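Numbering (this note's numbering), first residue to last: 22 to 214.
Down below is the structure, laid out as structure tokens.
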Amino acid sequence: MKTFFLTLIFTLTTMLTFAQKSEHLTFKGVPIDGTLNEFVSKMKQNGFTHLGTEDGTAILNGDFAGYKDCYVGVSTLKQNDLVHKIAVIFPDNDTWSTLSGNYFDLKKMLTEKYGEPSDVVEKFDTYWQPRDDKSRMYQVGMDRCKYYSIWQTDKGEIQLSIDHNSVTSCFVKLAYFDKINSDKIKAKAKDDL
Numbered sequence: 022m023k024t025f026f027l028t029l030i031f032t033l034t035t036m037l038t039f040a041q042k043s044e045h046l047t048f049k050g051v052p053i054d055g056t057l058n059e060f061v062s063k064m065k066q067n068g069f070t071h072l073g074t075e076d077g078t079a080i081l082n083g084d085f086a087g088y089k090d091c092y093v094g095v096s097t098l099k100q101n102d103l104v105h106k107i108a109v110i111f112p113d114n115d116t117w118s119t120l121s122g123n124y125f126d127l128k129k130m131l132t133e134k135y136g137e138p139s140d141v142v143e144k145f146d147t148y149w150q151p152r153d154d155k156s157r158m159y160q161v162g163m164d165r166c167k168y169y170s171i172w173q174t175d176k177g178e179i180q181l182s183i184d185h186n187s188v189t190s191c192f193v194k195l196a197y198f199d200k201i202n203s204d205k206i207k208a209k210a211k212d213d214l
């Protein structure tokens, strides 16, 4: 009887402990949670350099997933200092073979970690398919390249894409959206309506 009660107490304690933990999506092993300053401090401990903060977004620089010199944006809303989104900009590429190679390499690693993506689009929005490296890069710069993969998890959403800032700045982007904190921000926005 004593063993039964001890087992029951242990089981209830364990269940309560797990029930109290709210699971956040993680970035470099750090939960996407807390204030901007707290999260930036943790990223600095992970080897990133803080370049500056503006309008609720901190910009960091460092190595990520085997790629050197990545830029990381950590986002909050100014009125609600709660981290909810992380975006990684991988180094610029000037050839399609390197750009798409980086995209597919990261996609493979993310699939190994999170399973098959819930949504995938990998095409060029053109009347004809570009046939060579130069024409593919031109289409990326002209915003006619639609390459993205999205993973929906219980903890949030992860988006991988090929993106650009100009005709000459083409890169792979990876974004993490924490579900718990994104829901809190949406709830606050709904209160405003």
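For glycine and all other residues, C-beta sits at the position ideal for the given N, C-alpha and C.
Here the structure is a predicted model, which is why all the values come from computation and not from measurement.
Per DSSP, the unbroken beta strand (DSSP E) holding V93 starts and ends at Y88 to L98. Collapsing the DSSP output to three states places Q180 in a strand. Straight-line measurement puts the Cα of W149 at about 49 Å from the Cα of E59. For Y159, the secondary structure class from DSSP, reduced to helix, strand or coil, is helix. When the beta-carbon positions are compared, H105 and N186 stay at least 8 Å from each other. Straight through space, the alpha carbons of E143 and D153 are spaced by roughly 16 Å. Cβ-Cβ separation between D90 and S190: approximately 14 Å, too far for a contact (criterion under 8 Å). With respect to the 8 Å criterion, G94 and D84 are not classified as neighbours on the basis of their beta carbons. For L81, the number of other beta carbons within 10 angstroms of its own is at least 16, and it is reported as buried. Between L46 and K200, the C-beta gap is smaller than 8 Å, which places the two residues in contact.
Counting C-beta atoms within 10 angstroms of its own C-beta, A196 has 16 or more neighbours from the protein chains shown and is therefore classed as buried. Between K194 and I107, the gap from beta carbon to beta carbon reaches 8 Å or more. Taken through DSSP and simplified to helix, strand or coil, L81 comes out as strand. D212 sits in a helix when the DSSP states are folded into three classes. No Cβ-Cβ contact shorter than 8 Å links I171 with D126. In the structure shown, D102 falls within a strand segment according to DSSP collapsed to helix, strand and coil. By the criterion of a C-beta distance shorter than 6 Å, Q180 is surrounded in its chain by I171 and A196, once the five residues flanking it on both sides are discounted. Taking Y88 as reference, the option from D115, G77, N123 and Q100 with the minimal CA-CA separation is N123.
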